[in-house]
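Chemist: Protein chains in written order, with the working numbering: chain A, 1 to 304; chain B, 1 to 316; chain C, 1 to 316; chain D, 1 to 504. We put the beta carbon where it would ideally sit given N, CA and C, even for glycine. All of these numbers come straight from a predicted model, not from anything done at the bench.
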Ligand SMILES: Nc1ncnc2c1ncn2[C@@H]1O[C@H](COP(=O)(O)OP(=O)(O)OP(=O)(O)O)[C@@H](O)[C@H]1O
Ligand SMILES: Nc1ncnc2c1ncn2[C@@H]1O[C@H](COP(=O)(O)OP(=O)(O)OP(=O)(O)O)[C@@H](O)[C@H]1O
Ligand SMILES: O[C@@H]1[C@@H](O)[C@@H](O)CO[C@H]1O
Ligand SMILES: [Mg+2]
Ligand SMILES: [Mg+2]
């Protein structure tokens, strides 16, 4: 029979998900199945997306859910529509907050990624010979998104362990997850602490950290006094690395949309077509990319 | 006037246009006209449909409510948290209704009694209520302890899920209220000419407060059903709902200048929004193009309706 | 009436209230009244401030524009892509202005000439234009090739960044246009009574089209400056801008029912929004509480203004 | 006999205006009591206080000896007071029947009994002789018809006191007769009627007693109207004598300025042709709905033409464009002041200058000085009662608003043809004669003037020629030398009209 697989993502505008879709499409071409791409920004949209897939006669779907607590609902909906279910990026949890282990998952640990960011920053700070206790930390935060909290907290835990002072960590809450919002919030932090000369920045993604970096530029802090490390590694970061002179955007932790998109789609196909159940849990890791080695890292991860 | 023309240009013209469009879509889009898809489609518009019932009153009385999305999320959260805490689903539901009603009441009192602009007031409560939802849950979704709660959304009568029945019941109730009761006529009168209504002895302030309070209550119903469907209380749920609901109403011929509203129109407006979404996904239209298509559908729908009503030659 | 009361309750009452609030904040919030923070604050309101100039006209003439956020993002994208493609920043800017203007023109023509509801039309173009921005860039941020582009936002005159000067210049220009030109007076007249204005010889259709076209152009200016500030064109930029801008205007006393607007009011509205954000960050208020506080500030601001104007006893 | 309705020491002020100061008078049971005064004298304010919509700064109202403490319109209803305001207070989106029942819909448990709703209204309307279908939406009615619906409101309820604020200002003689018959009926039931009008004929015909207000103060109270003369009332109101209100001055008519040929539109299906000459004042007379307003709106381009041409001084005027019409030298002062005239929320000054400012605004930049001068000139010339030219026009009394709109068009330059629809609606006697003077002067200067009026004495008094319209057609074209009331009325009445049958 014709195989039809759904790929539902929470934020279709994000380049990350564009890439996941792109790589899933590659798998579809290879194996000759139909891929149905649906964006579902909230719980309600997820429900209708699954119904919609059922109505179209799909046999299974992969989802990056807008919220992990939607787990039981998604599982129930999938069952009601007799659809096979896999998750990507974010893992579903039950009402008690424990992961739903029956649902095959491929993803990243938000905390782990954050820790990688923290490690990269404190390594660089040491290399530059700064005194961590005197460095200011901009925490560009978007606390209504749990993944964002986990990432940022992961980074901060490493920084604190490496001698950064808790008192020098400043919250710059974003009203929205775009660069302008991060820029405005960070500017306030910088102006409030005009005495601090060296800054590092962490945030939910590249756009958030870029906002903080732009803020340092606008108040006249030189690039060599700033270390921002983002998460993602898509065009926003690449544009930054392509700039003729180095900016305060020191690096980014790239996660691979290729594995997430291509492999999950492939696994789902195998499951449907050949009854081969996928592994219950595959965790991928992030990889730090800097101005001079980002192309190599991307190649390494198979993104280019 | 030929009878076809009469049909197209009459009061029910939008309904007829919609029916034509529906037939065309049914014939051309595969998998569209199946029982499964129809039920899925209807379920997908439950929140918009329910909230549109009272938004219709709100707009018809020349008011405006941007806080509905937050209220839906907040009361859903409350329902889940309260029933988790008390162990009783009924208490959870009551708590949600009370909270929704209170939000609406506050809107109404501030707007009608203190005469504060409705846009600003509800923009403010939209943020305050969203903030409360986030604070209450610390920004994280709250899972439902008692699986019986899911049954609200999962149970079916005659093969049709309960939420759809509830939406249909509300359509009937509010359609009746609008056309056949003093409350409905007073709403239209206030929207058509607030000054005249006041001078005719309509208690405009009380009416407006009631309309907002009802809006809050109905949002709570939508919020509870949503929480049950998505099996958790989500502080970020239903963002942007306000614009979808208002568009559905305006699409259905409710005038933002007040005084003009019809339940059939609103139902059609809601369905148009739902069908557009549904068909785009069935046809696997790319995400970015969906934006463009959605915009075009909105434009075409009002354009058609407008051609129709200028042909009728309505004055004013 | 004592002269203090007169000052508070006069036309410029909002300005006075604002000035008082400003003094209080300056005295109580550490780091607020520093040159650096003031410049940062002003820079943070550049987008809202610039777009508010023309939104004021739009609202004053009883119209409504939800498409501004998308237009800002789209024209920023166009500026970056066009200057990358042609290698000329000037051409990029021109392209952005043309695109912004065209979006506005389309809005205007559809709304004024085809008499389609402004809310629905601009909701539609909001989606279409956002879709186009996403399609054009494949959903990705587009980097700026020529670093000279950044200079738009980074350059300073007399220690003040160019975007702030541009915003100030637009405030002056549009303040003048509103109060001292036929265009401004006609805008207000249309808002007060469109039919009477038409019969009094105001070319209402042309006026409305112009206002939307101007709005589009001004969005393009804001978009270019934003792209320069964030050193890339981002298709997701400026989402939700429309509500912030409209709130700033309404806060500044622009009537949604048309006919009432003042540039000083709008400036104050914009500054209140900016200061609220700034002070909350300075005071390190937690993210979720910021929602609540933001909402309360909005409410209090209109409440104060309302107390003031009911004390004055404005009719209607 | 005890005085049933008493006003004791009533005062009311608005910012910058003392609308009423220390007004005391009383009215007998079963009397029709007239209330007169110049524009802005405070008549409507007094009525608003009676309606419960606003409350007085000082003083009290007593009904049947009881002081009234009501603080809302509803309370006033309860006390048996019904007020028909000067500005129409109807909801265009609701039907006639719904408007009449608004505020007290019939039915049980909040559910409206729509049959009762329609049928009672149908009956009532038939009873009082108003020919309107109760289920039509009010938005579809002409102003005159709306005024009739408004008046029907007063009889829907058993009221002890009914106040009518200029009820006949948009009625023609036929509808006025219906109203007068109604008033007689109510009076016979013992209802007190407070009647505001600027028309002395009506006052003398209807009223038993009369109060004259001037500048917010009581100028005179006449418990028996039989004891006063017209001239006395006028001088109490205006502070001077006016011997001849019309003051008609003959002129020489010049060349044809306006040439209308085969003009028709959606609400005026039968094509119409006529000319107006320089220096001529042409009157249009007809009953409500005769199509006069529709015709002038078509000439001006306010509505879309279906056919026909309009020429001013031999130059064709572009269709459907008021701005073009103004540039061709034609202006229209519309009949519906509230909907088509005033620009709410804007000052008197702006309302006057809205069109004419283009003559002194180089590159679209205003000259505030000139606008102020212009406003001051017309405020003085038309005696607009206002504390300042910056006053929001919505705060003016009805008559003063009308004067401002007139000022708007009188201030326009290069006008060749002036069309005025109901020029003196709601305007007091004193100002009326001044407005006529202005019209004569303009005509003498070579302007062509078209006046539409539902007041027969006015059309006959000031025009050189009358075209009578009936059911969308021109029924007669009568030069001044042949003016004859019976002939004009006969032409205006449709053959089938019951009133026509009764009168002949
Ligand atoms: N809300 C208000 N604000 C300011 N002034 C007002 C207000 N209402 C009425 N006035 C003023 O009070 C005075 C009395 O007005 P009112 O409407 O009672 O006059 P009127 O006698 O009915 O005149 P007309 O014959 O023109 O209808 C006028 O000068 C008017 O401008
Ligand atoms: N919106 C409308 N819809 C339907 N019929 C209308 C509408 N407006 C006016 N009419 C009708 O058109 C006809 C012409 O009205 P018009 O107002 O021109 O008459 P008029 O002679 O000026 O009388 P009036 O004294 O009422 O102004 C009337 O029969 C009126 O009822
Ligand atoms: O929301 C994030 C997204 O931005 C991407 O980084 C992948 O993981 C998701 O959880
Ligand atoms: Mg009056
Ligand atoms: Mg007329």
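Note down, one range per segment and in chain order, each beta strand (DSSP E) of at least 3 residues found wholly within the stretch 191-215 of chain C.
Modeler: None, since the stretch 191-215 of chain C contains no complete beta strand (DSSP E) of that length.
Chemist: Just by C-beta distance, which residues in the stretch 472-500 of chain D are closer than 8 Å to chain C?
Modeler: Cβ contacts with chain C: none found.
Chemist: Just the Cα atoms here: how many angstroms apart are residue 36/C and residue 197/A?
Modeler: Roughly 15 Å separates the two Cα atoms.
Chemist: Leaving out five residues before and five after residue 1/D in sequence, what residues of the same chain have Cβ atoms less than 6 Å from its Cβ?
Modeler: Per-residue confidence for residue 1/D stands at a pLDDT of 47, beneath the threshold of 50, marking its modelled position as unreliable; no derived number is given.
Chemist: Could you work out which residue in 202/A, 180/A and 215/A is closest to residue 190/A when comparing CA atoms only?
Modeler: Comparing Cα positions, the closest option is 215/A.
Chemist: Please state whether the Cβ-Cβ distance between residue 55/A and residue 54/B is less than 8 Å.
Modeler: Going by C-beta atoms, residue 55/A is not nearer than 8 Å to residue 54/B.
Chemist: How close, in whole Å, do the beta carbons of residue 113/B and residue 258/B come, if the pair is a contact with beta carbons under 8 Å?
Modeler: Their Cβ separation, rounded to whole angstroms, is 19 Å, which puts residue 113/B and residue 258/B out of contact at 8 Å.
Chemist: Between residue 276/A and chain C, is there a C-beta pair that is closer than 8 Å?
Modeler: No, no contact with chain C.
Chemist: Applying the 10 Å Cβ sphere with the 16-neighbour rule, what's the burial state of residue 240/B?
Modeler: Residue 240/B comes out exposed.
Chemist: Using 8 Å for Cβ pairs, my map puts residue 130/B next to residue 70/B. What's the rounded Cβ distance?
Modeler: About 4 Å separates the two Cβ atoms, so the contact holds.
Chemist: Going by other Cβ atoms of all chains shown within 10 Å of its Cβ, with 16 needed for buried, is residue 233/D buried or exposed?
Modeler: Label assigned to residue 233/D: buried.
Chemist: Three-state secondary structure (DSSP) at residue 16/C?
Modeler: It is helical.
Chemist: Kindly identify the DSSP beta-bridge partner or partners of residue 7/A.
Modeler: Bridge partners of residue 7/A: 37/A and 62/A.
Chemist: Less than 6 Å between C-beta atoms, sequence neighbours within five positions excluded: which residues of the same chain meet that for residue 45/B?
Modeler: Around residue 45/B: 270 and 274.
Chemist: Under a CB-based cut-off of 8 Å, is residue 366/D close to chain C?
Modeler: Yes, residue 366/D lies at the interface with chain C (some Cβ there is under 8 Å from its Cβ).
Chemist: With a threshold of 8 Å on Cβ separation, who are the neighbours of residue 204/C within its own chain once the five nearest residues in sequence on each side are excluded?
Modeler: Excluding sequence neighbours, residue 204/C sits near 112, 190, 194, 197 and 198.
Chemist: Compute every distance between the C-beta of residue 401/D and the non-hydrogen atoms of ligand 4, then say whether any falls below 7 Å.
Modeler: No.
Chemist: Decide if residue 15/A is buried, meaning its Cβ has at least 16 other Cβ atoms within 10 Å, or exposed.
Modeler: Buried.
Chemist: Please confirm if the stretch 117-136 of chain D is in contact with the stretch 92-101 of chain D, defined as three or more CB-CB distances below 8 Å between the two stretches.
Modeler: In short, these stretches touch, since the Cβ pair count reaches three.
Chemist: Apply the 10 Å Cβ neighbour rule to residue 323/B and answer buried if 16 or more other Cβ atoms are within range, or exposed otherwise.
Modeler: Limits of chain B in this structure are 1 at one end and 316 at the other, which puts residue 323/B out of reach.
Chemist: Under 6 Å Cβ to Cβ from residue 313/B, same chain only, skipping five residues before and after it: list those, please.
Modeler: Below a pLDDT of 50, predicted positions are generally treated as unreliable, and residue 313/B, at 43, falls in that range; the measurement from the model is reported next regardless. There are no such residues.
Chemist: Since I believe residue 180/B is in contact with residue 276/D (beta carbons under 8 Å), could you give me their beta-carbon distance rounded to a whole number of angstroms?
Modeler: The Cβ separation is near 53 Å, so there is no contact.
Chemist: Please state whether DSSP places residue 10/D in a helix, a strand or coil.
Modeler: Residue 10/D: strand per DSSP, three-state reduction.
Chemist: Ligand 4 heavy atoms versus the CB of residue 398/D: any closer than 7 Å?
Modeler: It does: the Cβ of residue 398/D is within 7 Å (strictly closer) of some heavy atom of ligand 4.
Chemist: The stretch 233-254 of chain C: which residues have C-beta closer than 8 Å to a C-beta of chain A, in chain order?
Modeler: Answer set for the stretch 233-254 of chain C: 234, 235, 236, 237, 238, 239 and 240.
Chemist: Counting only runs of 4+ residues fully inside the stretch 300-381 of chain D, write out the alpha helix (DSSP H) ranges in chain order.
Modeler: Complete alpha helix (DSSP H) runs here, min 4: 322-327, 348-356 and 368-381.
Chemist: In this structure, how does DSSP classify residue 470/D when only helix, strand and coil are distinguished?
Modeler: If DSSP states are grouped into helix, strand and coil, residue 470/D belongs with the strands.
Chemist: Give, in chain order, every residue of the stretch 221-237 of chain D whose Cβ lies closer than 8 Å to some Cβ of chain C.
Modeler: Those residues of the stretch 221-237 of chain D that come within reach of chain C (Cβ to Cβ, closer than 8 Å) do not exist; the list is empty.
Chemist: To which residues does DSSP link residue 448/D through a beta bridge?
Modeler: Beta-bridge pairing links residue 448/D to 417/D.
Chemist: Under the DSSP definition of a beta bridge, which residues are partnered with residue 221/D?
Modeler: Residue 221/D is bridged to 211/D.
Chemist: Three-state secondary structure (DSSP) at residue 235/B?
Modeler: If DSSP states are grouped into helix, strand and coil, residue 235/B belongs with coil.
Chemist: Spell out a yes or no on whether the stretch 275-292 of chain D and the stretch 443-452 of chain D are touching, meaning 3 or more CB-CB pairs, one atom from each, closer than 8 Å.
Modeler: With a cut-off of 8 Å, the stretch 443-452 of chain D and the stretch 275-292 of chain D count as touching, because enough Cβ pairs lie within range.
Chemist: Quick check on the burial criterion: 16 or more other C-beta atoms within 10 angstroms. Buried or exposed for residue 148/C?
Modeler: Counting Cβ neighbours within 10 Å, residue 148/C comes out exposed, since fewer than 16 surround it.
Chemist: In whole angstroms, what is the alpha-carbon distance linking residue 62/D and residue 253/D?
Modeler: If you take the alpha carbons of residue 62/D and residue 253/D, they lie about 58 Å apart.
Chemist: Helix or strand or just coil, what does DSSP make of residue 195/D?
Modeler: Correct three-state label for residue 195/D: strand.
Chemist: Between the C-alpha atoms of residue 218/D and residue 89/D, what's the straight-line distance to the nearest angstrom?
Modeler: Distance between the alpha carbons of residue 218/D and residue 89/D: 28 Å.
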